[in-house]
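Report on the following structure.
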């Protein structure tokens, strides 16, 4: 009997070598190409602790099984690729909502250090922490109707240093400022133009194009690619912050997550109303 992830494999045009089903994602391994499909439609693929842990576990499993490329995607036809952080899991105040041990931080680190390229295939809208997850991937391929919105300012959330550095590695500081300050969605066409993503591909060609690139990469020398990926990770991350500077940034973030506005933003989201920010 075929499990749900067979659907993904059939759509990509081949039967899976191995199949496995878990709660919030679907997995397939076709030769040296691993595919992770977000499959939590009731929560708009929000990056809950459970879903994130499943993706991290899948990446580690694929690494052990010599997957030379991993494709991260959502189910075909979705309107929302991922809604970002599961806001219901964020603390309401007096505690850093995006600390080092936050599951999303672990996911981003796992993608960045995965010993082979990770390709994000985007159909639908991408929000908040999911944008950082996508930009942490090595290659991003999106359908024309896809959009990307960095939304902490809507919730009053203080984004962390590592996350900001992920954004700054993908776009210029001016673009990052606009994304962060407006929280407005950016079209796939503009994201490609400013270098945030690699390709915009018509929806009916998206899977074929993505899988074709994955096969091209998988046919190349895996050790060479692994080393080049790690070189690029180290070099793009070579932006030292002095201890004093880091302490200042953390202190500024603490002002936010100890504030009335942060608690109000989380409450308003849960109560499905517009927040009333006071700037304190």
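Numbering (this note's numbering), first residue to last: 26 to 305.
Where is the CB? At the ideal position from N, CA and C, for every residue including glycine.
- Assignment of residue 175 by DSSP, reduced to helix, strand and coil, places it in the coil class.
- DSSP lists 54 and 95 as the bridge partner or partners of residue 59.
- For the options 62, 79, 96 and 160, the alpha carbon positioned closest to that of residue 243 is the one of 96.
- For residue 187, the enclosing alpha helix (DSSP H) stretches over residues 186-195.
- Of the other Cβ atoms in all chains shown, 16 or more fall within 10 Å of the Cβ of residue 153; this residue is therefore buried.
- The residues 181, 286 and 289, in chain order, have a CB closer than 7 angstroms to that of residue 302 in the same chain once the five nearest residues on each side in sequence are set aside.
- The C-beta of residue 72 has 16 or more other C-beta atoms within 10 Å across all chains shown, which makes the residue buried.
- If you check the CB distance, residue 174 and residue 206 do not come in under 8 angstroms.
- In this structure, residue 136 sits near residue 161, with a CB-CB distance shorter than 8 angstroms.
- Per DSSP, the continuous alpha helix (DSSP H) segment holding residue 253 begins and ends at 247-261.
- Leaving aside the five residues that flank residue 169 on each side, the residues in its chain whose CB is nearer than 6 angstroms to its CB run, in chain order, 213 and 225.
- Annotation for residue 235: 96, 144, 146 and 166 place their beta carbon closer than 7 angstroms to its own, counting only its chain and skipping 5 residues before and after.
- With respect to the 8 angstroms criterion, residue 140 and residue 278 are not classified as neighbours on the basis of their beta carbons.
- Spatial neighbours of residue 231 in its own chain (CB-CB distance under 6 angstroms, excluding positions within 5 residues in sequence) are listed in chain order as 168.
- In this structure, DSSP gives residue 165 an extended state, which the three-state scheme calls strand.
- Assignment of residue 83 by DSSP, reduced to helix, strand and coil, places it in the helix class.
- In the DSSP assignment, the residues bridged to residue 107 are 151.
- Put simply, the backbone Cα of residue 260 is about 43 angstroms away from that of residue 298.
- Contact check for residue 64 and residue 108: beta-carbon distance about 14 angstroms, past the 8 angstroms limit, so the pair fails to qualify.
- Restricting attention to 57, 129 and 284, the CA atom closest to the CA of residue 88 is found in 57.
- Shown here for residue 163: same chain residues with a beta carbon closer than 6 angstroms to its own, the five before and five after excluded, namely 142 and 143 in chain order.
- With 16 or more other CB atoms across the displayed protein chains lying within 10 angstroms of its CB, residue 183 is buried.
- For residue 291, the uninterrupted alpha helix (DSSP H) run begins and ends at 285-296, by DSSP.
- The bridge partners DSSP lists for residue 212 are 172.
- Contact check for residue 192 against residue 217 fails: the beta carbons are separated by 8 angstroms or more.
- Taking a C-beta distance under 8 angstroms as the contact criterion, residue 104 and residue 149 qualify as a contact pair.
- In this model, residue 255 and residue 138 are separated by some 7 angstroms (Cα to Cα).
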